[in-house]
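Colleague: If you read the sequence shown in our numbering, its first letter stands for residue 249, the second for the next number, and so on.
Okay, handing you the structure first.
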Amino acid sequence: MFLQNRNNFISQMKNNTIALFYSGVSAFKNGDQKFPFEVNRNFYYLTGINQENTILLLIKKNNQTQTFLFANVSDQLTLLWDGEFLSFKEIAEISQLPLLNILNILSFNKFLNQKINFIKNYPQEIFKGIYLDLFCLPSEISINWAFKQFKFLSNLYPFLKIYNSSSILFYLRKQKKLEELENIQKALHVNHHALINMIKNIKKCKYEYQTDAHYNYYLEKNQTKKSFDTIAACGKNALILHYNKNNNLLNKNELLLFDAGVEYKKYSSDITRCYPISGKFNSFQKQIYNLVLETNKKIIEWVRPYHTFGEFNTYGKDIMAKGLKKIGLFKENTNINQYCYHNFGHHLGLDLHDLNFSQDDILGENSVVTVEPGLYLPEFNIGIRIEDNILIKNNGAINLSQHIPKEIFEIENLMQKFIN
């Protein structure tokens, strides 16, 4: 898969150019303590390597290509403190590169300078440039490796034109291959069973965080991890989109909004369900829940590759507005965004919110997106969101998470089974 990914990227590179990608390093938390390492997802997409301080170099010269990986070599100190790095043989096998193309990272600067100087000596009319992964949050620009390279290389080699490789990768990563879909489905499988484990134990729980503990136990037991911090929001806490304090008491008369995901081989699932703490929805909860559920199901039935996220949101919010009006909770001059204050979906893949999409971008066939209509009514202290993960196809979407219960009777039957 990784060789195919690289070939697809290289095919989009201009002739006589170079591309650089960096795996990243662990960020410092405080003092000498670090956060767990998270590999740069574009680097991983092209290599399959999950290791700090590793560089990928792609060269396209006279329409011929060369690929090199530069990695750390284990020394005695590293072995004692951090353990062994991947061997060059392991890196070659994972990345599908010849062993001779795996080099010591200490040789990178000299090697790159030689290659750039070679390009520099080309006839003046031939294009020269370099691709860097320049997508990051504004707050990270000063510490981002690619931006540091941008500054350094622009000063040293002003003849080089700099291109943002992210714009190519956003569209390559959008179309999921079979192996990627299998990883997402495995993440969803674990997600499903972790939710069941949480429901099995919900009767024992007094606080929101305890429901998350039972969910997380199943993940740890099966050597997987969360793709994001769980939102376990009871009652009015569900009005807060990214609520993650998870420290309030559970109220048996309220709903628990549970938004959780699993990461499997770097691919994410992202599921939201709402559960009545008592095991039964009351009549008002049913009314609101069914409106959100209807919106969820209609979007899944309607959506096609040629739709944009803008159309996706408009379609869903129109359904929601009509439903609220029908039950008498929506006035003519009310803005639906007052009660539905987030987009109803996003791309899903190596990143939880995959890609940097525009509202005008079409979804595209074989993309995986979330469908997550939400309705938030502060005057009733209720927030409901129902989120599925779907595969976009020309002849209709496939709900990859259809096995995770969301119908009222399914949820009530499941909860009654364990509560009683």
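The beta-carbon is built from N, C-alpha and C at its ideal position, and this holds for glycine as well.
Computed from a predicted model, the values in this text were never measured in an experiment.
Considering only their Cβ atoms, is the gap separating Ala340 from Gly306 smaller than 7 Å?
Modeller: The amino acid occupying residue 306 in the given sequence is Leu; Gly does not appear at that position. Result no, Cβ atoms of Leu306 and Ala340 do not sit closer than 7 Å.
Colleague: Could you pull the DSSP bridge partners for Ile410 from this structure?
Modeller: Looking at the DSSP assignment, Ile410 forms a beta bridge with Ile378.
Colleague: Would DSSP call Gly571 helix, strand or coil?
Modeller: DSSP places Gly571 in helix when its eight states are reduced to three.
Colleague: What's the C-alpha gap between Lys454 and Leu539?
Modeller: Taking the straight line from one Cα to the other gives about 29 Å.
Colleague: Between Leu598 and Arg289, is the Cβ-Cβ spacing less than 7 Å?
Modeller: Yes, the pair counts as a contact, with Cβ atoms nearer than the cut-off.
Colleague: Look up Tyr624 in the DSSP assignment and give the residues it is bridged to.
Modeller: Note: Tyr624 sits in a beta bridge opposite Gly631.
Colleague: By the DSSP assignment, the alpha helix (DSSP H) with Leu426 in it spans what residues?
Modeller: Start and end: Leu426 to Lys448.
Colleague: Hey, quick one: how far does the beta strand (DSSP E) through Phe318 stretch, first residue to last?
Modeller: Where Phe318 is concerned, the enclosing beta strand (DSSP E) stretches over Gln312 to Ala319.
Colleague: Alpha carbon to alpha carbon, what distance is there between Tyr563 and Leu380?
Modeller: When rounded, the distance between both Cα atoms is 37 Å.
Colleague: Classify Gly265: buried if its beta carbon has 16 or more other beta carbons within 10 angstroms, exposed otherwise.
Modeller: Per the sequence shown, residue 265 should be read as Thr rather than Gly. Thr265 is buried by the Cβ-count criterion.
Colleague: Using the Cα positions of Tyr293 and Ala461, report the straight-line distance between them to the nearest angstrom.
Modeller: Going by the C-alpha atoms only, they are around 31 Å apart.
Colleague: Ala486 lies in the beta strand (DSSP E); which residues open and close that run?
Modeller: Per DSSP, Ala486 belongs to no beta strand (DSSP E) and is neither H nor E.
Colleague: On the three-state DSSP scale, how would you describe Val540?
Modeller: Helix, per DSSP.
Colleague: Would you report the Cα separation of Ile584 and Met568, rounded to the nearest angstrom?
Modeller: Spanning the two alpha carbons is a distance of roughly 8 Å.
Colleague: Please name the residue, chosen from Gln423, Lys500 and Gln586, that lies closest to Leu487 on a Cα-to-Cα basis.
Modeller: Per the Cα distances, Gln586.
Colleague: Could you tell me which residues DSSP puts in a beta bridge with Ile303?
Modeller: In the DSSP output, where bridge partners are listed per residue, Ile303 has Tyr270 and Phe318.
Colleague: Report all residues from its chain with a CB closer than 7 Å to the CB of Asn485; omit the five preceding and five following residues, and keep chain order.
Modeller: Only Tyr491 and Asn496 meet the Cβ criterion.
Colleague: Which residues mark the beginning and the end of the alpha helix (DSSP H) in which Leu401 is found?
Modeller: First-last of the alpha helix (DSSP H) with Leu401: Trp393 to Leu404.
Colleague: Could you tell me how far apart the beta carbons of Ile632 and Gly622 are, in whole angstroms, since I believe they sit closer than 8 Å?
Modeller: Sure, about 7 Å apart at Cβ, within 8 Å.
Colleague: Is the region 614-630 close to the region 421-436, with three or more CB pairs under 8 Å?
Modeller: Contact between the region 614-630 and the region 421-436 is present, because at least three Cβ pairs lie under 8 Å.
Colleague: Using the Cα positions of Leu505 and Leu596, report the straight-line distance between them to the nearest angstrom.
Modeller: The alpha-carbon atoms of Leu505 and Leu596 are separated by roughly 20 Å.
Colleague: In angstroms with no decimal places, state the Cα-to-Cα distance between Leu662 and Ile444.
Modeller: Leu662 and Ile444: Cα-Cα distance of roughly 8 Å.
Colleague: Looking at Asn311 and Asn263, is the spacing between their C-beta atoms short of 7 Å?
Modeller: For Asn263 and Asn311, yes; Cβs fall inside 7 Å.
Colleague: Can you look up His595 in the DSSP assignment and give me helix, strand or coil?
Modeller: Looking at His595 - three-state DSSP - the assignment turns out to be strand.
Colleague: Where does Ile652 fall in DSSP's three states?
Modeller: Ile652 falls in the coil class under three-state DSSP.
Colleague: Using the Cβ count rule (16 or more neighbours within 10 Å means buried), how would you classify Gly571?
Modeller: Classification for Gly571: buried.
Colleague: Output yes or no for whether 7 Å exceeds the beta carbon distance between Ile638 and Ile548.
Modeller: Yes. Within cutoff.
Colleague: Within its chain, find whatever has a CB closer than 7 Å to the CB of Tyr537; leave out the 5 residues flanking it on each side and keep chain order.
Modeller: Answer for Tyr537: Cys522, Phe529, Ile632 and Ile656, listed in chain order.
Colleague: Can you name, in chain order, every residue of its own chain whose Cβ lies under 7 Å from the Cβ of Gln397, other than the five neighbours on each side?
Modeller: Here the set comprises Leu268 and Leu380.
Colleague: Select from Asn365, Val273, Ser402 and Ala480 the residue whose C-alpha is nearest the C-alpha of Ile391.
Modeller: That would be Val273, whose Cα lies nearest to the Cα of Ile391.
Colleague: Out of Lys546, Ser415 and Leu404, state which residue places its alpha-carbon closest to the alpha-carbon of Ile646.
Modeller: Per the Cα distances, Lys546.
Colleague: Considering only the alpha carbon of each residue, which of Asp636, Asn464 and Leu603 lies closest to Thr478?
Modeller: When only C-alpha atoms are compared, the closest one is Asn464.
Colleague: Assuming contact is defined by CB atoms lying nearer than 7 Å, are Thr313 and Ile258 in contact in what I supplied?
Modeller: Yes, the Cβ-Cβ distance between Thr313 and Ile258 is below 7 Å.
Colleague: Taking the alpha helix (DSSP H) that Ala461 falls in, what are its first and last residues?
Modeller: It spans Glu456 to Lys469 - the alpha helix (DSSP H) in which Ala461 sits, taken as one unbroken run.
Colleague: Which residue wins for smallest C-alpha separation from Asp507, given the options Asn403, Ile410, Lys474 and Leu317?
Modeller: Asp507 has its Cα closest to that of Lys474, out of Asn403, Ile410, Lys474 and Leu317.
Colleague: Can you give the Cα-Cα distance for Tyr457 and Val438, rounded to whole angstroms?
Modeller: Cα-Cα distance, rounded: 19 Å.
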